[in-house]
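Chemist: Below is one structure. I have some questions about it.
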Amino acid sequence: MVKLRIKISLIFLSLSINLNAQELFKMKGNVKSRLISFENLSGASSNGGKENNGAKGHATETILPGATRTIVNYNGNGIVQRMWYTISERSPEVLRSIRLQIFWDGATKPAVDVPFGDFFGIGLGQKKPFESAFFSDPEGKSFNCFIPMPFHKQVKILFINESKLNVNLFFDVDILETPPHTADVLYFHAYWNRKITSELGEDFEILPTIKGKGRFLGTNVGVITDSVYRGTWWGEGEVKMYIDEDTKYPTINGTGTEDYVGAAWGLGTFNHQFQGCLVADNKLGYFAFYRYHVPDEIYFNSGIKVTIQELGGTSLEIARKLYTSGARIKPVIANSKTGYLKLNTINPLPILTDEQFRPGGVLFYRVDDYSATSYFYLDKPTHDLPSLQPIEIRTYNLKTIN
């Protein structure tokens, strides 16, 4: 009984600390709460639900193939606090075909231009019930984002249907109108990238080089493994962050893919607040995982680049079969008669069929299909990253994972 009372006391203490930290009980001054939806596109006071005299009248619109709909165009100073959406078509192809664009302060280039499905926390255009610190989907049918997004003058959000289907869209965007922000308030950005194939030993760029000052919030990554390597482990790749003046070698260098998302010795499905894996299908070779740097903050003062190695591992026997069959493979670490060889430092590179190798594990560069959405804050409303890749690249070889 005493232990139970102590446990309850600790729970209430934790709740009290969290509530005090958020100051839920304090009245803020000079703020106004707004919600933008089809029932009140302006977000103005006393303007909701007019179309049907207070009854439900305009909850949804049908966005035709090829159409662009401006769903938010709000002038003022404030913060986008939450976004919720649901749509009638949710296949991987449709979720990769729709684009979500967000513009800040009258900029002509979007800070966010990302496939709709991937933006909301799951790679590969998949839908799964989950909850993380930034995103949630209670039943696999909706899209929620809780990342705070400040703006100084204006926020504009576009929903672009590049699919071949009519899409019924429901949405609401919560905005807190605030006094002017201070100079240290940053703009939210998101970037999506896919590399279906690459050169052996070429790292995939989760976030290509950007210039400016800001904070890297994290990423969700999708991997489709090449069937030629089936039965081998794909996730030895280390996540690297080249911060500020880094060139050849990064400041931040992890130890492996599953390690980056807080797992170990392989990767199964789980979803936690800051790290998780929502898809882990070894049969199909589909994996989708995320990591958000909230408790472990990542800041940069002049620029950042984030990459992951395309690196796997298997036994010497299987590695030799892959090598002799002509599979794209380049060993980097292996056991040998003289010890543990770091092959990337040896020139010429020993051949796997050499007798000097002994049975044991082999780590090797390989080529798989990587895609990623990265999230970051920047000290300017636009970035210089490439435009979103065309629909043919976005939708290539996607399957629904049950």
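Here the sequence shown is numbered in my numbering, starting from 11 and rising by one per residue.
Where is the CB? At the ideal position from N, CA and C, for every residue including glycine.
Determine whether the beta carbon atoms of Tyr252 and Val316 lie at a separation below 9 Å.
Modeler: Residue mapping note: residue 252 aligns to position 242 of the sequence shown, counting from 1. Residue mapping note: residue 316 aligns to position 306 of the sequence shown, counting from 1. Yes, Cβ-Cβ distance for Tyr252 and Val316 is below 9 Å.
Chemist: Which of the three DSSP states is assigned to Thr405 in this structure?
Modeler: Start at 1 with the first residue of the sequence shown, and residue 405 comes out as number 395. Helix, per DSSP.
Chemist: Opposite Gln111 in the DSSP bridges: which residues?
Modeler: Position 101 of the sequence shown, counting from 1, holds the residue named residue 111. Answer is Asp123, Leu168.
Chemist: Should the region 165 to 172 be called in touch with the region 70 to 87, which here means at least 3 C-beta pairs below 8 Å?
Modeler: Judged by Cβ distances under 8 Å, the region 165 to 172 makes contact with the region 70 to 87, as three or more pairs qualify.
Chemist: In angstroms, rounded to a whole number, what distance separates the CA positions of Pro391 and Gly88?
Modeler: Translated into the one-based positions of the sequence shown, residue 391 becomes position 381. Translated into the one-based positions of the sequence shown, residue 88 becomes position 78. Using only the alpha carbons, I get a separation of about 14 Å.
Chemist: Can you tell me where the beta strand (DSSP E) holding Leu388 begins and where it ends?
Modeler: As a working mapping, residue 388 is identified with position 378 in the sequence shown. Counting along the chain, the beta strand (DSSP E) containing Leu388 begins and ends at 379 to 388.
Chemist: Skipping 5 residues on each side, what residues in its chain have a beta carbon closer than 6 Å to that of Asn178?
Modeler: Taking the first residue of the sequence shown as position 1, residue 178 is located at position 168. Within the same chain, Asn178 has close Cβ partners Thr70, Thr72, Ser98.
Chemist: Could you check how far apart the C-beta atoms of Asp236 and Val377 are, in whole angstroms? I think they sit under 8 Å.
Modeler: In the sequence shown, residue 236 corresponds to position 226, counting from 1. In the sequence shown, residue 377 corresponds to position 367, counting from 1. That pair is a contact at about 6 Å.
Chemist: Strictly by DSSP, which residues pair up with Thr317?
Modeler: As a working note, residue 317 is residue 307 in the sequence shown. Glu215, Lys250, per the DSSP bridge assignment.
Chemist: For Val104, does the three-state DSSP call read helix, strand or coil?
Modeler: In the sequence shown, the residue the question calls residue 104 occupies position 94. Note: Val104 maps to helix in three-state DSSP.
Chemist: On the three-state DSSP scale, how would you describe Lys340?
Modeler: By 1-based counting over the sequence shown, the position of residue 340 is 330. Looking at Lys340 - three-state DSSP - the assignment turns out to be strand.
Chemist: Closer than 8 Å by C-beta to Met11: which residues in its own chain qualify, once you throw out the five before and the five after it? Chain order, please.
Modeler: In the sequence shown, counting from the first residue as 1, residue 11 sits at position 1. Because the pLDDT at Met11 is just 43, under 50, the model does not fix this residue reliably, and the value given afterwards should be weighed accordingly. The answer is none, since no qualifying residue turns up.
Chemist: Taking 8 Å as the cut-off, does the region 295 to 306 touch the region 135 to 145 (at least 3 CB pairs, one atom from each stretch)?
Modeler: Touching, yes.
Chemist: Looking only at C-alpha atoms, which of Thr383, Asn85, Glu246 sits nearest to Ala322?
Modeler: Start at 1 with the first residue of the sequence shown, and residue 322 comes out as number 312. Note on residue identity: the sequence assigns Gly, not Ala, to residue 322. Residue Glu246 is the option with its Cα nearest to Gly322.
Chemist: Grab me the residues of Arg249's own chain with a C-beta within less than 6 Å of its C-beta, minus the 5 sequence neighbours each way, in chain order.
Modeler: The residue you call residue 249 lines up with position 239 of the sequence shown. The sequence as given places Val at residue 249; Arg does not occur at that position. For Val249, where only same-chain residues beyond five positions count, the Cβ hits under 6 Å are Gly264, Tyr270, Ile318.
Chemist: Please determine whether the Cβ atom of Lys315 lies at a distance below 8 Å from any heavy atom of the ligand NAD.
Modeler: Only the bare structure without any ligand can be found here, which leaves the ligand NAD out of the picture.
Chemist: What are the residues that DSSP puts in a beta bridge with Thr229?
Modeler: Here residue 229 refers to the residue found at position 219 when the sequence shown is read from its first residue. Bridge partners of Thr229: Arg301, Ser384.
Chemist: With H, G and I counted as helix, E and B as strand and the rest as coil, what does DSSP make of Leu29?
Modeler: Taking the sequence shown and counting its residues from 1, one reaches residue 29 at position 19. Only weak support is given to the placement of Leu29: the predicted model assigns it a pLDDT of 47, under 50, and the value that follows is read from those uncertain coordinates. Helix at Leu29.
Chemist: Rounded to whole angstroms, what is the Cα-Cα separation between Leu196 and Ile234?
Modeler: Walking along the sequence shown from the start, residue 196 turns up at place 186. Walking along the sequence shown from the start, residue 234 turns up at place 224. The alpha-carbon atoms of Leu196 and Ile234 are separated by roughly 34 Å.
Chemist: Is DSSP giving Thr72 helix, strand or coil here?
Modeler: Residue numbering aside, residue 72 sits at position 62 when the sequence shown is read from its first letter. Reduced to three states, the DSSP call for Thr72 is strand.
Chemist: Is the region 269 to 287 in contact with the region 253 to 261, if contact means three or more CB pairs nearer than 8 Å?
Modeler: Segments in contact, no.
Chemist: Using the Cβ count rule (16 or more neighbours within 10 Å means buried), how would you classify Ile108?
Modeler: Looking up residue 108 in the sequence shown gives position 98. The residue is buried, with at least 16 neighbouring Cβ atoms inside 10 Å.
Chemist: Roughly how many angstroms lie between the CA atoms of Asn28 and Thr257, to the nearest whole one?
Modeler: Sequence index remark: in the sequence shown, residue 28 carries index 18 (1-based). Sequence index remark: in the sequence shown, residue 257 carries index 247 (1-based). Model confidence at Asn28 stands at a pLDDT of 49, short of 50, so the residue's coordinates are unreliable; what they give is reported in the following sentence. Answer to the nearest angstrom: the Cα atoms are 41 Å apart.
Chemist: Would a C-beta distance cut-off of 9 Å place Gly232 and Asp128 closer than the cut-off?
Modeler: Here residue 232 refers to the residue found at position 222 when the sequence shown is read from its first residue. Here residue 128 refers to the residue found at position 118 when the sequence shown is read from its first residue. Yes.
Chemist: Only counting the same chain, and skipping five residues up and downstream in sequence, which positions put a Cβ closer than 7 Å to that of Leu105?
Modeler: Mapped onto the sequence shown, residue 105 falls at position 95. Once the five neighbours on either side are set aside, the close Cβ partners of Leu105 are Pro125, Phe126, Gly127, Gly135.
Chemist: Could you check what DSSP says for Glu187 in three-state terms: helix, strand or coil?
Modeler: In the sequence shown, counting from the first residue as 1, residue 187 sits at position 177. Three-state DSSP puts Glu187 in a strand.
Chemist: Within its chain, find whatever has a CB closer than 7 Å to the CB of Gly222; leave out the 5 residues flanking it on each side and keep chain order.
Modeler: Taking the first residue of the sequence shown as position 1, residue 222 is located at position 212. Hits under 7 Å: Gly313, Leu388, Asp389, Lys390.
Chemist: For Trp2, is the classification buried or exposed, using 16 other Cβ atoms within 10 angstroms of its Cβ as the cut-off for buried?
Modeler: Look at the range of the chain in this structure, 11 to 412, and you will see that residue 2 is not part of it.
Chemist: Considering only residues of the same chain and omitting the five flanking positions on each side of Arg240, which have a CB-CB separation below 8 Å?
Modeler: As a working note, residue 240 is residue 230 in the sequence shown. These residues qualify, in order along the chain: Gly295.
Chemist: Assuming Leu210 and Tyr375 are in contact, meaning their beta carbons sit under 8 Å apart, how far apart are those beta carbons, in whole angstroms?
Modeler: Position 200 of the sequence shown, counted from the first residue, corresponds to residue 210. Position 365 of the sequence shown, counted from the first residue, corresponds to residue 375. About 5 Å separates the two Cβ atoms, so the contact holds.
Chemist: Thinking Thr192 and Ser152 are a contact (beta carbons under 8 Å), I'd like their distance in whole angstroms, please.
Modeler: Here residue 192 refers to the residue found at position 182 of the sequence shown. Here residue 152 refers to the residue found at position 142 of the sequence shown. Going by Cβ atoms, the distance from Thr192 to Ser152 rounds to 34 Å, so no, they are not a contact pair.
Chemist: Quick check on the burial criterion: 16 or more other C-beta atoms within 10 angstroms. Buried or exposed for Lys17?
Modeler: On the sequence shown, residue 17 is found 7 positions in, with the first residue counted as 1. In this predicted model, Lys17 has a pLDDT of only 41, less than 50, meaning its place in the structure is not dependable; the value taken from the coordinates is given anyway. Under this definition Lys17 is an exposed residue.
Chemist: Identify which residue in Arg100, Leu110, Pro102, Pro158 has its Cα closest to the Cα of Val82.
Modeler: Residue numbering aside, residue 82 sits at position 72 when the sequence shown is read from its first letter. Closest option to Val82, Cα to Cα, is Leu110.
Chemist: Roughly how many whole angstroms lie between the Cα atoms of Lys13 and Asp306?
Modeler: Here residue 13 is taken as the residue at index 3 of the sequence shown, counted from 1. Here residue 306 is taken as the residue at index 296 of the sequence shown, counted from 1. Unreliable placement is indicated for Lys13, whose pLDDT of 45 sits below 50; the coordinate value is still reported in the next sentence. Their Cα atoms are separated by approximately 33 Å.
Chemist: Return the CA-CA distance between Ile401 and Lys36, expressed in angstroms with no decimal places.
Modeler: Stepping through the sequence shown from its first residue, residue 401 is reached at position 391. Stepping through the sequence shown from its first residue, residue 36 is reached at position 26. Distance between the alpha carbons of Ile401 and Lys36: 47 Å.
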